[in-house]
Amino acid sequence: MKMQEGALSDPASVPAGSAAQFAAMMDVLCPMHLMLDAAGRSVHAGPTLMKMFDAAPLIGVPFHDLFELRRPQIGMSVPALMDHAGTKLHLRMRSALQTELKGMLVPLAPGTGPAGGALIDLSFGISVVDSVREYGLTSRDFSATDLTVEMLYLVEAKTAAMDASRSLNQRLQGAMIAAEEKAYTDTLTGLRNRRALDYMLDRLAEAEHDFALIHIDLDYFKSVNDSMGHAAGDHVLREVARIMIEETRSDDTVARVGGDEFVLVLKRLTDRCRVHDIASRLIARLKQPIAFGGRMCHVSASAGSVLSCDHPHPDMTRLMLEADTALYAAKRSGRGCHVAFTADLNQSVDGLMPADGVVERRAAPRSSSSDAEKDVGA
Amino acid sequence: MHGMINRAIERFVRDTYGRDIWGTVMRRAGLDYSEFEAMLTYDAKVTHDVLSALGSVLDRPQQDILEDIGTYLVSHPKVEALRRLLRFGGPTFTEFLHSLDDLPARARLAVPDLVLPDLELREHGSGHFSAFCRGQTAGWGHVVVGLLRALADDYGALAVLEHKGARGDAEVIDIQLLAVEHASGRRFDLGVGTG
């Protein structure tokens, strides 16, 4: 057999029945073994271990100068090591790379090496992937029965498969986010929709965060729609949406929940006066005429608000109902204004709440014809 | 069919003939998407339709195309990962041939639902082998011919390969090794692919 770099030596080429023949057999079967004499000096090493030490001194060097015994912590005298024959040793090479190795020691049988000596077989532990690269090992450096090469194959194959999976997951996640965004968005205005609002309110209730809820209904929107057409109506809704976004903070929620109905959720707000300021400023801006096709559209807005902090255990259905009640009060008092919910209005709420306290939230967007019902006392 | 196989066909076409041809092939196959996902499963008919469309778009016999796909999988730089995985089969081409029987199991180890055709190597002495390929669809043998020819090159071995047609349920590939290491093949380092 032709000797190649890193190839194993041929047991048949050494004298029979000798320690040398045993060492040659070990070179083939356990190319990472090390033989120690009774004093703990290395006397022979397998070809792969030789390759790993490269130019560094190996033969004749005491075991404890070559390796650090990490576990068990028993010291590195030959008697101590012999006491732990047959148990797993955790070793670290005293070299720049500090390679971690597993080891197993057995006493040398008479005639197989120096009397009182020991044989240690070594292998890479979990560091195998790095070590094979660092030492430039090839499949010839491992015994054919060693699973190291299969393990390297598996690591590489799994990495490739994981990469493919990850790229699929990223694409799916992107598609999911886009689909969710679509499901939670009002297509006309780009605002959140009813579904998004319900979701947001449920999260706020779970987290027990305080917030203000303002229910806004446009005044005179129906007449814009009727007299100037749906295109004008749609334009007004988009302008109204833009103004609402401008008048709120980025982490507030602005949702269009019906034809001309909107709900604002203002996070962390607990001050009645501030809510009134925000609602009033918003109404003032919405009263400004909106240009469309060379003509002016005139709308206004009525608003009813409620604070979650007014309730020890805010019930979302009740809060929505109270905001709605306040909105009715605003409509009744002449529109174009904001009314905060107060206990005086409570009577009407209690009348509307069923005995078990459960009221279906209005799920379907209210058509703009409901404007007429709301325009009470106009 | 596993998406990995459809994806391999896609990459072969795109890297060899360009995106436009690939788009034409997919439309000709009646598919309204342009990319396969390697990690999804597709109906076997999809693969069949894509290969038929490919044959008519390129105006080439399907077996030639299949052989080119096999060659592409080993020799194109964009699929280096696969070449490396194949090279784990053994340090020489002969040892690789001896590991052919394990190839489907090796693939399953990486991707459990990837089903490759069964391969069986028979030795006739003096460097003469036959590989029996049993897949669910005919034509796999041509892919294997292209793959083995490119791998022999990769190992630096000189081999003559020939598809001998079907025998029973198997496609038979004749392999004659003329020289195990006639030239230096491409380098393969065990430990570079994972860092």
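As given, the protein sequences belong to chains A and B, one line each in that order.
Heads up: the first sequence runs through residues 2 to 379, numbered per this note's numbering.
Heads up: the second sequence runs through residues -14 to 180, numbered per this note's numbering.
Idealized CB from N, CA, C, for every residue including glycine.
Please read all numbers here as calculations on a predicted model, not as lab measurements.
Per DSSP, cross-strand counterpart(s) of residue i
i, result
"Asp220 (chain A)", "A:Ser301"
"Lys268 (chain A)", "A:Phe212"
"Ala1 (chain A)", "Coverage of chain A is limited to positions 2 through 379, which leaves residue 1 (chain A) absent and any answer about it impossible."
"Arg107 (chain B)", "B:Ser115"
"Thr26 (chain B)", "B:His(-13)"
"Ile380 (chain A)", "Since the first and last residues shown for chain A are 2 and 379, residue 380 (chain A) lies out of range."
"Leu227 (chain A)", "Note that residue 227 (chain A) is Asp in the sequence shown, not Leu. Per DSSP, none; premise fails for Asp227 (chain A)."
"Asp159 (chain B)", "B:Ser115 and B:Glu147"
"Asp122 (chain A)", "A:His34 and A:Met105"
"Lys183 (chain A)", "Answer is none; Lys183 (chain A) lacks a bridge partner."
"Glu157 (chain A)", "Answer is none; Glu157 (chain A) lacks a bridge partner."
"Leu92 (chain A)", "A:Leu70 and A:Leu102"
"Val340 (chain A)", "A:Gly305"
"Phe263 (chain A)", "A:Ile217 and A:Arg257"
"Ala164 (chain B)", "B:Leu143"
"Arg193 (chain A)", "A:Thr186 and A:Ala256"
"Pro63 (chain A)", "A:Arg42"
"Arg152 (chain B)", "B:Ala155"
Identity of the residue in the options nearest residue i by Cα
i, options, result
"Ile217 (chain A)", "A:Arg172, A:Lys268 and A:Gly305", "A:Gly305"
"Leu287 (chain A)", "A:Pro58, A:Leu155 and A:Asp261", "A:Asp261"
"Leu67 (chain B)", "A:Ser43, A:Ser140 and A:Ala158", "A:Ala158"
"Asn(-9) (chain B)", "B:Asp17, B:Leu36, B:Asp5 and B:Arg12", "B:Leu36"
"Tyr154 (chain A)", "B:Asp139, B:Arg69, B:Pro76 and B:Pro102", "B:Arg69"
"Leu85 (chain B)", "B:Leu94, B:Gly170, B:Gly74 and B:Ala95", "B:Gly74"
"Leu35 (chain A)", "A:Ala280, A:Gln22 and A:Ile60", "A:Ile60"
"Gly294 (chain A)", "A:Ala232, A:Phe143 and A:Ala341", "A:Ala232"
"Gln99 (chain A)", "A:Val241, A:Ser128, A:Pro111 and A:Gln22", "A:Ser128"
"Leu322 (chain A)", "A:His299, A:Ala24 and A:Phe342", "A:Phe342"
"Phe54 (chain A)", "A:Ala161, A:Gly137 and A:Leu265", "A:Gly137"
"Arg193 (chain A)", "A:Val264, A:Val156 and A:Val150", "A:Val264"
"Leu189 (chain A)", "A:Asp147, A:Leu238 and A:Arg269", "A:Leu238"
"Ser301 (chain A)", "A:Met317, A:Glu240 and A:Leu320", "A:Glu240"
"Leu71 (chain B)", "A:Glu151, A:Ala25 and A:Val29", "A:Glu151"
"Glu80 (chain B)", "B:Ala137, B:Lys63, B:Glu65 and B:Leu94", "B:Ala137"
"Thr49 (chain A)", "A:Ala57, A:Pro58 and A:Asp28", "A:Asp28"
Contact set for residue i: own chain, Cβ-Cβ below 7 Å, skip 5 residues either direction
i, result
"Arg(-1) (chain B)", "Trp7"
"Leu346 (chain A)", "Thr326, Ala327 and Ala330"
"His339 (chain A)", "His277, Ala280, Ser281, Ile284, Ala304, Ser306 and Ala331"
"Pro315 (chain A)", "Ala206 and Ser309"
"Cys118 (chain B)", "Pro102, Leu104, Trp125, Gly126, Val129, Ala155, Glu156 and Ile158"
"Ala356 (chain A)", "In this prediction, Ala356 (chain A) scores a pLDDT of 46, lower than 50, which makes its location untrustworthy; no coordinate-derived value is stated."
6 Å CB neighbourhood of residue i in its chain, flanking five on each side removed
i, result
"Leu388 (chain A)", "With chain A covering only 2 through 379, there is no way to say anything about residue 388 (chain A)."
"Val107 (chain A)", "Ala86 and Leu120"
"Leu162 (chain B)", "Gly112 and Ala144"
"Asp372 (chain A)", "Note that Asp372 (chain A) scores a pLDDT of 43, beneath 50, so its modelled location is shaky; the value from the coordinates is reported in the next line. Cβ within range, chain order: Lys223."
"Asp38 (chain A)", "Val44, Pro115 and Gly118"
"Arg107 (chain B)", "Ser115"
"Met297 (chain A)", "Pro290"
"Asp17 (chain B)", "none"
"Arg171 (chain B)", "Asp139"
"Leu202 (chain A)", "Met317"
"Ser169 (chain B)", "Gly141"
"Phe269 (chain B)", "Chain B is shown only over -14 to 180; residue 269 (chain B) falls outside these bounds and no answer can be derived."
"His236 (chain A)", "Phe293"
Same chain only: Cβ atoms within 8 Å of residue i, ignoring 5 sequence neighbours per side
i, result
"Cys310 (chain A)", "Asp211 and Thr271"
"Gly41 (chain A)", "Pro63, Phe64, His65, Met77, Ser78, Val79 and Leu82"
"Gly3 (chain B)", "none"
"Ile56 (chain B)", "For the record, residue 56 (chain B) in the displayed sequence is Thr; it is not Ile. Hits under 8 Å: Gly131, Leu132, Arg134 and Ala135."
"Ile75 (chain A)", "Ala81, Leu82, Asp84 and His85"
"Asp174 (chain B)", "none"
"Ser19 (chain B)", "Trp7, Gly8 and Met11"
"Leu25 (chain B)", "Gly(-12)"
"Leu43 (chain B)", "Tyr2, Ile6 and Ile50"
"Asp98 (chain B)", "His(-13) and Thr26"
"Ala164 (chain B)", "Ala142 and Leu143"
Check whether the stretch 179 to 193 of chain A and the stretch 88 to 98 of chain B are in contact - that is, three or more C-beta pairs closer than 8 Å.
Contact between the stretch 179 to 193 of chain A and the stretch 88 to 98 of chain B is absent: fewer than three C-beta pairs spanning the two stretches fall below 8 Å.
Length at least 3, wholly inside the stretch 11 to 61 of chain A: the beta strand (DSSP E) runs in chain order
Counting only runs of 3 or more, we get 34 to 37 and 43 to 46.
Is there contact here, the stretch 81 to 99 of chain A with the stretch 58 to 72 of chain A, by at least three beta-carbon pairs under 8 Å?
A contact between stretches requires three or more CB pairs, one per stretch, nearer than 8 Å, and the stretch 81 to 99 of chain A meets this requirement with the stretch 58 to 72 of chain A.
Evaluate contact between the stretch 150 to 158 of chain B and the stretch 122 to 136 of chain B, counting only Cβ atoms and requiring at least three cross-stretch pairs below 8 Å.
Yes, the stretch 150 to 158 of chain B is in contact with the stretch 122 to 136 of chain B.
With a cut-off of 8 Å, do at least 3 Cβ pairs link the stretch 195 to 207 of chain A to the stretch 249 to 257 of chain A?
In short, these stretches touch, since the Cβ pair count reaches three.
Within the chosen definition, does the stretch 45 to 56 of chain B reach the stretch 136 to 149 of chain A through at least 3 CB pairs nearer than 8 Å?
Verdict: no, contact absent.
Sequence ranges, alpha helix (DSSP H) only - wholly within the stretch 37 to 62 of chain B, length at least 4
Contiguous alpha helix (DSSP H) elements confined to the stretch 37 to 62 of chain B occur at 47 to 60, taking only those with 4 or more residues.
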